[in-house]
Amino acid sequence: MSLASRLRAGETIYSGWSNLTDTLVMEALCRTQLSAVLLDMQHGAHDTASIVALTGILRSAGKHTIVRVPVGRFDMASRALDIGVEAVVAPMINTVADAKLFAAAMKYPPLGQRSWGQLRGRPGGYVAGGSGGYLAQTNAETLSFAMIETRAAYEALDDILAVDGIDGVFVGPSDFSIAWSNGAEVDAGSNAIVEPLTEIARRAKAAGKLAGIYAGNAALAKRFTGLGYTFLPLAVDTTYLTDGVQSLLNAIEV
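Residue numbers for the sequence shown follow the numbering used here, beginning at 131 and rising by one.
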């Protein structure tokens, strides 16, 4: 079952978050109960080569692959889809114009302008050739998440959600807290942003779109799930390593 099908059926998906490009680290993550892993090209170390290698590992393990591209690099969104990922998260989508450019890179005509030419084919498997039915199915199975991180994005939220080819929104709560506090704090758990975060999830659902958010820890994951978010990447792989080591040290009271 595709990531799109699971999310649209109302399932809550908890994902890993990968900043590291190492294949052995990814193989270890694939041995957990995580349903998916997001590979970060914006703030993480990922590039095209690591996306190719790690997407293969994830697909073989039956895990969903998501990529976050750098700001404004919508060409990389198309490239990630050619490699075989199921969803792309695009940061700093602040206007309808941004959303339309992102959607155009993500979807084949008539929804967008994605170019035909694939390395692995659609997420469901390797294919040859392409009919109109294939294009429509691929458009439905590949998800575009526009990141809502600023006041401008929040003010344009309804219009961004209305863009054909945008499947959902994804909140970066730390950046959102910076914007909401006018630069006074970086706090993904700030009570000051609970109301707008609730409103983002509510409006997405009302528009028939998906709502995702980054959750840096278990407490935030529980909070955000309660606010209506159903796609939640949890912390990052570097945190998994440091927290694991520190928990061992704490257990032996070092």
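All C-beta atoms in this analysis are idealised placements derived from N, C-alpha and C, irrespective of residue type, glycine included.
- Sorting Ile213, Gly214, Thr272, Thr225 by C-alpha distance to the C-alpha of Tyr238 places Thr272 at the top.
- Annotated three-state conformation of Thr195 is strand, per DSSP.
- Between Asp317 and the set Gly346, Ala292, Phe300, the nearest pair of CA atoms involves Gly346.
- Put simply, the backbone Cα of Asp212 is about 48 Å away from that of Ile382.
- Scanning its chain for C-beta atoms nearer than 8 Å, with the 5 sequence neighbours on each side dropped, one finds around Ser208 the residues Ala235, Met236, Arg244, Ser245, in chain order.
- Residue burial is scored here from C-beta neighbours: Thr185 has at least 16 other C-beta atoms within 10 angstroms and is therefore classed as buried.
- Relative to the Cα of Ile223, the nearest Cα in the group Pro240, Met156, Gly302 belongs to Gly302.
- Collapsing the DSSP output to three states places Ile143 in a strand.
- DSSP places Asp373 within a helical segment (H, G or I) once states are collapsed to three.
- A straight line joining the alpha-carbon of Ala276 with that of Arg333 spans about 14 Å.
- As DSSP reads the structure, Phe361 sits in a beta bridge with Ile143, Gly342.
- The bridge partners DSSP lists for Gly298 are Phe275, Leu340.
- If you check the CB distance, Ile187 and Val215 do not come in under 8 Å.
- For Ser180, the three-state secondary structure derived from DSSP is helix.
- For Thr368 against Leu150, the beta-carbon gap comes to about 7 Å, under 8 Å, which counts as contact.
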